[in-house]
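Colleague: Numbering-wise (my numbering), the first sequence opens with residue 180 and increments by one.
Note that the Cβ used here is the ideal one computed from N, Cα and C, for glycine as well.
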Amino acid sequence: MPERTYNPQKQDINLFNTWQKEKLFHFNKESGKPIYSIDTPPPYANAPWHMGGAIHYSGIDMIARYKRMKGHEILFPMCLDRNGLPIEVQAEKEFKVSMHEVPREEFLAMCKQILDRVGDMILNICRILGFSNNSFDWDDVYKTDQEQYRALTQSTFIKLFKDNQIYEDNRPNNYCTRCKTTIADNEIDYRSGNHILYDIKFKVKETGEELIISTSRPELIPAIGVVIYNPKDNRYKHLEGKTAVTPIFEDEIPILPHHYAKMEFGTGILMVCAYGDSGDVQIFRELKLNPKPIINTDGKITDAVPEFEGLKIKEAKKEITKQLEEHGYILEKVDTAHNFPTCSRCGNDVEFLAMPEYYLKQVEYLPKLKEYADTMKFFPDFMKKVWVNWLNTVSIDWPISRRRYYGTEVPIWYCKKCNHPNLPKPGPYYQPWKDDPPFDTCQKCGTSEGFEGDERTFDTWMDSSISEIYISLHPHNKRDDDLFNQLNSRDYICDIRPQGKDIVRTWLHYTMLRGHQLYDKPAFNHAWISGHVVDRKGEKMSKSKGTAIYPEEMIEKYGGDSVRLYGAIEASHGSDIRFNQQRLQGISKFINKIYNIARFVSSFPSTASGEMELQPADEWILSELSQTIAESIQGYDVYDFNVPAKALRKFTIDLFASQYIEMVKGRAYNRDEAFSEKEQNAAHYTLHKVLNIMIKAFAPLVPFVTDFIYRGLHGKSVHTENFPDPIKIIKEKKFTELTDVLLESNSLIWKFKKDMKLPLNTPIKKAILPKSLEVFVLDLKTMHTVEQISSEESELDSEIKKFILVNGEKLIISL
RNA sequence: GGGGUGGUGAUCUAGCUCGGUUAUGAUACCUCCUUGACGUGGAGGAAGUCGGCGGUUCGAAUCCGCCCCACCCCA
Numbered sequence: 180m181p182e183r184t185y186n187p188q189k190q191d192i193n194l195f196n197t198w199q200k201e202k203l204f205h206f207n208k209e210s211g212k213p214i215y216s217i218d219t220p221p222p223y224a225n226a227p228w229h230m231g232g233a234i235h236y237s238g239i240d241m242i243a244r245y246k247r248m249k250g251h252e253i254l255f256p257m258c259l260d261r262n263g264l265p266i267e268v269q270a271e272k273e274f275k276v277s278m279h280e281v282p283r284e285e286f287l288a289m290c291k292q293i294l295d296r297v298g299d300m301i302l303n304i305c306r307i308l309g310f311s312n313n314s315f316d317w318d319d320v321y322k323t324d325q326e327q328y329r330a331l332t333q334s335t336f337i338k339l340f341k342d343n344q345i346y347e348d349n350r351p352n353n354y355c356t357r358c359k360t361t362i363a364d365n366e367i368d369y370r371s372g373n374h375i376l377y378d379i380k381f382k383v384k385e386t387g388e389e390l391i392i393s394t395s396r397p398e399l400i401p402a403i404g405v406v407i408y409n410p411k412d413n414r415y416k417h418l419e420g421k422t423a424v425t426p427i428f429e430d431e432i433p434i435l436p437h438h439y440a441k442m443e444f445g446t447g448i449l450m451v452c453a454y455g456d457s458g459d460v461q462i463f464r465e466l467k468l469n470p471k472p473i474i475n476t477d478g479k480i481t482d483a484v485p486e487f488e489g490l491k492i493k494e495a496k497k498e499i500t501k502q503l504e505e506h507g508y509i510l511e512k513v514d515t516a517h518n519f520p521t522c523s524r525c526g527n528d529v530e531f532l533a534m535p536e537y538y539l540k541q542v543e544y545l546p547k548l549k550e551y552a553d554t555m556k557f558f559p560d561f562m563k564k565v566w567v568n569w570l571n572t573v574s575i576d577w578p579i580s581r582r583r584y585y586g587t588e589v590p591i592w593y594c595k596k597c598n599h600p601n602l603p604k605p606g607p608y609y610q611p612w613k614d615d616p617p618f619d620t621c622q623k624c625g626t627s628e629g630f631e632g633d634e635r636t637f638d639t640w641m642d643s644s645i646s647e648i649y650i651s652l653h654p655h656n657k658r659d660d661d662l663f664n665q666l667n668s669r670d671y672i673c674d675i676r677p678q679g680k681d682i683v684r685t686w687l688h689y690t691m692l693r694g695h696q697l698y699d700k701p702a703f704n705h706a707w708i709s710g711h712v713v714d715r716k717g718e719k720m721s722k723s724k725g726t727a728i729y730p731e732e733m734i735e736k737y738g739g740d741s742v743r744l745y746g747a748i749e750a751s752h753g754s755d756i757r758f759n760q761q762r763l764q765g766i767s768k769f770i771n772k773i774y775n776i777a778r779f780v781s782s783f784p785s786t787a788s789g790e791m792e793l794q795p796a797d798e799w800i801l802s803e804l805s806q807t808i809a810e811s812i813q814g815y816d817v818y819d820f821n822v823p824a825k826a827l828r829k830f831t832i833d834l835f836a837s838q839y840i841e842m843v844k845g846r847a848y849n850r851d852e853a854f855s856e857k858e859q860n861a862a863h864y865t866l867h868k869v870l871n872i873m874i875k876a877f878a879p880l881v882p883f884v885t886d887f888i889y890r891g892l893h894g895k896s897v898h899t900e901n902f903p904d905p906i907k908i909i910k911e912k913k914f915t916e917l918t919d920v921l922l923e924s925n926s927l928i929w930k931f932k933k934d935m936k937l938p939l940n941t942p943i944k945k946a947i948l949p950k951s952l953e954v955f956v957l958d959l960k961t962m963h964t965v966e967q968i969s970s971e972e973s974e975l976d977s978e979i980k981k982f983i984l985v986n987g988e989k990l991i992i993s994l
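#1: Exposed or buried, what is His417 when buried is set at 16 or more other beta-carbons lying within 10 Å of its beta-carbon?
#2: Just grab the DSSP bridge partners of Leu880 for me.
#3: Between the C-alpha atoms of Leu937 and Ile968, what's the straight-line distance to the nearest angstrom?
#4: Can you give me the start and stop residues for the beta strand (DSSP E) that Asp674 sits inside?
#5: Given a threshold of 16 other Cβ atoms within 10 Å of its Cβ, counted over all protein chains shown, does Val542 qualify as buried or as exposed?
#6: Pick helix, strand or coil for Gly694, following the three-state DSSP scheme.
#7: Run through DSSP, which three-state label would Lys932 get?
#8: Need the endpoints of the alpha helix (DSSP H) that Ile773 sits in, please.
#9: To which residues does DSSP link Thr361 through a beta bridge?
#10: Looking at the secondary structure, which residues open and close the alpha helix (DSSP H) in which Gln199 lies?
#11: Which residue's Cα is closest to the Cα of Met962: Phe982, Tyr839 and Val881?
#12: Ignore the nearest five residues each way along the sequence and tell me which others in Ile728's own chain have a CB closer than 7 angstroms to its CB.
#13: Determine the burial state of Gly632: buried for a count of at least 16 other Cβ atoms within 10 Å of its Cβ, exposed for fewer.
#14: List in chain order: all unbroken alpha helix (DSSP H) runs of 4+ residues lying wholly within the region 282-320.
#15: Pull up the CB-CB distance for Ser767 and Ser741, whole angstroms please, since I reckon it's below 8 angstroms.
#16: Whole alpha helix (DSSP H) runs in the region 624-683 with 4 or more residues, listed along the chain?
#17: Can you find the residues in the same chain that come closer than 8 angstroms, C-beta to C-beta, to Thr918, ignoring five residues on each side of it along the sequence?
#18: When we look at the beta-carbon of Pro677 and count the other beta-carbons within 10 Å, is it buried (16 or more) or exposed?
#19: Quick one: is Gln665 buried, meaning 16 or more other Cβ sit within 10 Å of its Cβ, or exposed?
#20: When the Cα atoms are used, what is the spatial distance from Asn849 to Gln859?
#21: Pull up the distance between the alpha-carbon of Phe557 and that of Phe663, whole angstroms please.
#22: Assign Phe558 to one of three DSSP states: helix, strand, or coil.
#23: Counting only the same chain and skipping the five closest in sequence on each side, list residues whose C-beta sits under 7 angstroms from that of Thr885.
#24: Looking only at C-alpha atoms, which of Lys933, Glu923 and Pro882 sits nearest to Ile192?
#25: So, at 7 angstroms on beta carbons, what are the nonlocal neighbours of Asp576 in its own chain, with the 5 sequence-adjacent residues on each side left out?
#26: What is the DSSP secondary structure of Met534, counted as helix, strand or coil?
#27: What is the DSSP secondary structure of Gln967, counted as helix, strand or coil?
#28: For Phe982, report the span of its beta strand (DSSP E) as first-last.
#29: Tell me the rounded alpha-carbon separation between Val712 and Ile756.
#30: What is the DSSP secondary structure of Leu159, counted as helix, strand or coil?
#31: Inspect the beta-carbon positions of Cys621 and Lys596 and report whether they are closer than 8 angstroms.
#32: May I ask you to list the residues that DSSP assigns as paired with Phe381?
#33: Can you name, in chain order, every residue of its own chain whose Cβ lies under 6 angstroms from the Cβ of Asn469, other than the five neighbours on each side?
#34: According to DSSP, is Lys875 helix, strand or coil?
#35: Given 8 angstroms as the limit, is there contact between the region 315-333 and the region 498-513, that is, 3 or more CB pairs closer than that?
#36: Can you check whether the CB of Leu302 is closer than 8 angstroms to the CB of Phe315?
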């Protein structure tokens, strides 16, 4: 190691390629080791990673590397998520098209183009961060849009459909008129803005009195199902059971009390329409009203309102408002702040439309899922609450079909005669929108008048929520039923689910739900939930605000190891990290320090040629090391890499480099043969032993620099070694109670010389060391160039400096 | 509106479960130092009313109550 500094740009990628060539991390179920499976979150390949992805996945890789060194065979596939709305929205933006206006095949090709490009960028970051996934060969990396994966999604659907876990229903749902699809609740964002609240004049049929209703959506007047007021509202109590007459349309609408009406909102009386917002949907459902929907999937008025048919919502609003105004029905207009539900994928305002969609049952499984939440282990523990809290609020089943293109197709053909949904056999991948059905006659009516393929796709989470099944069944993308049966013979399907805290309610939730429905057991034994990497103000990194920081640049500058260790050392697991480049730079200096310690140690022979006799200083540092390793393991075992990162850094700098190496230099060089060969050999032995163990303990965190050093010293990879065992480092722990005195005493001597403006190698004529440090006397003598150690104060000359240590002992030096 | 997490020197962070000497560590900063790995180094220094207010207590960063602020998720 001739270079004075570690150069990640030069070494890292070479090492990564070496690992790949050696197939170091390939999954081999025949290895005889217990298998440990990690359900890697497939990175979503619509946009490149910012620092968050890089740091999050680094943590996941640390789990894999630690478990590997603890003797497990690691199932840890690399993957890419390539289904769903975000990619379609991205394609529409990039190619300036609208999905429904280009041929389906063409549109899919556009999506693929983006997916391939972004996927490459993400995989490249994985390489320069040194991830130890089973393989990075393109054929080994699984993609959620590959045939094998989609076929698995479809076969689980077919199974659940036959088990009556899936049903079709025509319920009002969130609908994006731009994406032209139903979307789930958790795909909705809220946009704050303003809208105008109109006070509109209605009439009460029975009494003829005027009724003023506030609404922001006058265009929905023809869709009103009921008019409500708060039951406590004395202003309207007398209207119960009476009838309101709408302006212009003259429809007769029942008036009812309902707690949903807020007395202080507008006039306190409001119209409930099909459908203005989620509250309207609720009330229609609750009162079992017959809805009269007036908006179609294009966001236009239907023939239910002939006067305005074909107008877009906004146009209709304008037109109706105009007419209301002309007839004097509008009394007041107020500009009010409002939170608009919007499509989280495209940003368009969401409407509520009734559409026939497939639903997967989940409400009846909530008690079981709560049981799983109890028994399953979360790291960190408090993240469990996020899921439990969600389980307590779920009230409807999961709508799983989407009217989109880039996704797994709903594998159903409908009989042209009886419209019966015909499902194929599970196994192959089906594309009903373009393929002929794999059967000729209808399973219900027996006729062969032809079939209509379903054109819909699944919600992306339908694919993602079986990832743990896919990886257990397809190591290196090759189907292996034996492996699956072996893994599935346990009480859970997969060992660990690592993921971000933001998708506990989606990915984790849906996976647990489906694991239960398909295999009647929890999908995971452990869930590892990370916080976010945010910008320096603590806000989400955002490309549009310019606050996003991209990992490539940082890795180029400071190396993959630095970025990884930074993520581990910055905060304990589960906390957010505020990204700070200055501190990242500090980490890169520390990496260099490790390298230079190794450079120093490797300048001495690694195996003592003759006999050796461990000196107290040697036993001391080995004892300290043993304690540090024990502490690190405590953190590693709960996947909180902040603990080993901090403990190891502290040991490396504060004890090994600053104290032990300085103490032992004289003995290791032994220039004037003040030490015996046995003593010198012991120094060489200890230096190498500590380095060796330190490197292993650091390996899961900083795989490049550690492997570079380890290969240089031992000619093999550190990553196939076992994690060090603290009780094997030294037989009996010794002298660790002296650490504080030792540090204090050394520091006082250094400070004294410094205060005297003397170089640190200035000889000390005579000294009295603290009594307890007597065991280290020979090493301390050379360390501080003390010419004579005294035991009595009277032996000292006049020019003396006397210190009293914290523990009351004396340190006296005389120049 | 509901739930979650957090607020500790310039910046980030440990400690809080179980109250008790001088509040941990890192980065940045200032001063000094080329000693046979490392100036991407070493030594030292300065820097905090532990978000605010109130309570419990001999004693509170830690326990209790209220409030404020930030972020995440949900309605």
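Modeller: Inspection of the coordinates gives the following:
#1: Around the beta-carbon of His417, fewer than 16 other beta-carbon atoms lie within 10 Å, marking it exposed.
#2: Beta-bridge pairing links Leu880 to no other residue.
#3: Whole-angstrom Cα-Cα distance: 20 angstroms.
#4: Per DSSP, Asp674 is one residue of the beta strand (DSSP E) stretching across Cys673 to Gly679.
#5: Classification of Val542: exposed, given that the 10 Å Cβ count is below 16.
#6: Looking at Gly694 - three-state DSSP - the assignment turns out to be helix.
#7: Three-state DSSP puts Lys932 in a helix.
#8: Unbroken alpha helix (DSSP H) run through Ile773: Gln760 to Val780.
#9: Answer by DSSP bridge pairing, in chain order: Tyr354.
#10: Counting along the chain, the alpha helix (DSSP H) containing Gln199 begins and ends at Pro187 to Glu201.
#11: The closest CA to that of Met962, considering only Phe982, Tyr839 and Val881, is found on Tyr839.
#12: Answer for Ile728: His229, Met230, Met720 and Phe758, listed in chain order.
#13: By the 10 Å Cβ count, Gly632 comes out buried.
#14: Counting whole runs of 4 or more residues, the region 282-320 contains the alpha helix (DSSP H) stretches 283-307.
#15: About 4 angstroms; that satisfies the 8 angstroms criterion.
#16: The alpha helix (DSSP H) runs of length 4 or more contained entirely in the region 624-683 are, from start to end of the chain, 639-643, 646-652 and 660-667.
#17: If you ignore the 5 residues before and after Thr918, its C-beta comes within less than 8 angstroms of the C-beta of Trp799, Glu803 and Leu834, all in its own chain and listed in chain order.
#18: Only buried fits Pro677, as 16 or more other CB atoms lie within 10 angstroms of its CB.
#19: It is exposed - the Cβ of Gln665 has fewer than 16 other Cβ atoms within 10 Å.
#20: When rounded, the distance between both Cα atoms is 7 angstroms.
#21: Between the C-alpha atoms of Phe557 and Phe663 there is a straight-line separation of about 24 angstroms.
#22: Strand, per DSSP.
#23: Apart from the 5 residues on each side of it in sequence, Thr885 sits with its Cβ closer than 7 angstroms to the Cβ of Ile874, Phe877, Ala878 and Val897 in its chain, given in chain order.
#24: Of the listed residues, the one whose Cα sits closest to Ile192 is Pro882.
#25: Cβ neighbours of Asp576 beyond the five flanking positions: Tyr538, Leu539, Lys540, Gln541 and Val542.
#26: In the structure shown, Met534 sits in a strand (DSSP, three-state: E or B).
#27: Three-state result, Gln967: strand.
#28: In this chain, the beta strand (DSSP E) harbouring Phe982 covers Ile979 to Ile983.
#29: Using only the alpha carbons, I get a separation of about 5 angstroms.
#30: Because residue 159 is not part of the residues shown, which for the chain are 180 to 994, the question remains open.
#31: Going by C-beta atoms, Cys621 is nearer than 8 angstroms to Lys596.
#32: Paired residues: Leu390.
#33: Within the same chain, Asn469 has no close Cβ partners at all.
#34: Helix.
#35: Because the criterion of three Cβ pairs below 8 angstroms is not met, the region 315-333 and the region 498-513 do not touch.
#36: Result yes, Cβ atoms of Phe315 and Leu302 sit closer than 8 angstroms.
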